[in-house]
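Residue numbers (my numbering): 56 to 502.
Just so it is clear, CB atoms sit at the ideal spot from N, CA and C, and this is done for glycine as well.
In this text, all values refer to a predicted model and were calculated from it rather than measured experimentally.
Reviewing the structure listed below.
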């Protein structure tokens, strides 16, 4: 039985989220969308450091699931699709959440997220009856606006892979099992976006649709279960904060025969981070029926024709960024002073190395620091030169944005040929390294 959290524990978690959101804005990770106009709820803009972190996560995902495999094909499907694709998938008729509205303040809420389904959490007024609200953003394509011109901003990337299944068969001639992988934007008109990046109206997904013979689904499912856990380690998340939930009958999506949710201990509670679903042959059958196009697979060896079944590992990119930031946020005492830093894995940190001159007003130090910076950047592109403020402020700034190592050029570097100092972010300890050994030293550290 789970213990009920104390008020102090709940406040501490709220403080962590507030601190992460503040740091994210202050240091250029993430900004509120349309902020100078008062913002737009459920939208977020990534600043320079946020883009770098996000791109690192993308690269790790693509490397593990596409580049290092010979059974995966990349895809980048259009965001807008023929409306019949969404009718076939069931989104037009069934992609909805229960909506309730307060009769007093007119605020709207998801009924399934309320503690008291009859009382408004904002003003205490009476809530109306729940009604289903379709979460797809509806639009029109072309110059006319009628029923035939309707389209939607895609609520998931998966369907673009299913409707391209035949194109991949015809152009790549793959043999089962094989998969399609895609990273891209998705859009959901959430009734109540919340918890920073966790539930937004515009977000990015990293998804795979892996096609198998029906008899092989359990083996492939188990394989991707391990691969999801390996990716969690790739991005440096604390594995003790990740929990696998076997989704029971009645709670799974209608197309799924088995689903595992990989949940993460966010400051606001244990919530879904990734999903792994056995979608059977539902999607290909639906699109085959609605499009009147044969989406079966013919096995040349067995002379068997059938609709392949599908295993879907699904990853939220923005949720991954949020998990990384909240997991990495650390407060400690170093040198008798309290500091805040992001304990980011070098694999995802926006910068892995920062290079400083000890003093910014000494040309010989700055020139040497620039020389060493250029040398490092040839091998380690995620390097930054920093001479803004005194050395202590630079260390604190790099700590706060999660830079694992700082290289400082001092007078001993120039006058004695004593090499440079390399400072470790987590411990604050420094060690002397010769210029000749510096690159190999750093590359070993950031592996």
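With the rule of 3 Cβ pairs closer than 8 Å, the region 273–289 counts as touching the region 367–382. For residue 168, the three-state secondary structure derived from DSSP is helix. DSSP places residue 451 in the uninterrupted alpha helix (DSSP H) bounded by 446–456. Residue 174 sits in a strand when the DSSP states are folded into three classes.
Under the DSSP definition of a beta bridge, residue 231 lacks any partner.
Between the region 416–433 and the region 459–470 there are three or more C-beta pairs closer than 8 Å, enough to call the two in contact. Rounded to whole angstroms, the Cβ separation of residue 236 and residue 263 is 5 Å, and the two are in contact under 8 Å.
Secondary structure at residue 200: coil, using DSSP grouped into helix, strand and coil. Beta-bridge annotation (DSSP): residue 368 is paired with 331.
Beta-bridge pairing by DSSP links residue 240 to 259. Secondary structure at residue 406: coil, using DSSP grouped into helix, strand and coil.
Look at residue 92 here: in three-state DSSP terms it is helix.
In the DSSP assignment, residue 298 falls within the beta strand (DSSP E) that extends over 297–301.
About 5 Å separates the CB atoms of residue 364 and residue 269; that is less than 8 Å, so the two are in contact. In this structure, residue 76 places its C-beta atom within 8 Å of the C-beta atom of residue 251. The beta-carbon separation of residue 409 and residue 441, rounded to 5 Å, stays under the 8 Å limit for a contact. In this chain, the beta strand (DSSP E) harbouring residue 151 covers 151–156. With fewer than 16 other Cβ atoms from the protein chains shown falling within 10 Å of its own Cβ, residue 186 counts as exposed. DSSP, read as helix, strand or coil, puts residue 359 in strand. In chain order, 94 place their CB closer than 6 Å to the CB of residue 87, counting only its own chain and leaving out the 5 sequence neighbours on each side. Under the 8 Å Cβ criterion, the region 289–303 counts as touching the region 316–332, having at least three qualifying pairs. Secondary structure of residue 162 (DSSP, three-state): coil.
Assignment of residue 83 by DSSP, reduced to helix, strand and coil, places it in the coil class. By DSSP's assignment, residue 346 forms no beta bridge with any residue. One thing to note: residue 494 has its Cβ no nearer than 8 Å to the Cβ of residue 439. If the five residues before and after residue 336 are omitted, its C-beta is found closer than 6 Å to the C-beta atoms of 362, 364, all from its own chain and listed in chain order. Within the same chain, Cβ atoms closer than 7 Å to the Cβ of residue 474 are found at 468, 487, 488, 489, 490, the five residues on either side in sequence being excluded. Between residue 372 and residue 238, the CB-CB gap stays under 8 Å. Per DSSP, the continuous alpha helix (DSSP H) segment holding residue 278 begins and ends at 272–289.
Using a C-beta cut-off of 8 Å, the region 190–210 makes contact with the region 134–141, since at least three inter-stretch Cβ pairs fall below that distance.
Listed in chain order, the beta strand (DSSP E) runs fully inside the region 110–149 are 127–129, counting runs of at least 3 residues. Here residue 112 is near residue 290, since their CB atoms are less than 8 Å apart. Its Cα nearest to that of residue 330, the residue 282 stands out among 282, 345, 244, 179. Straight across, the Cα-Cα distance linking residue 223 with residue 333 is about 21 Å.
According to the DSSP assignment, residue 485 belongs to the beta strand (DSSP E) that extends over 485–488. The alpha carbon of residue 83 has as its nearest neighbour, out of 214, 101, 472, the alpha carbon of 101.
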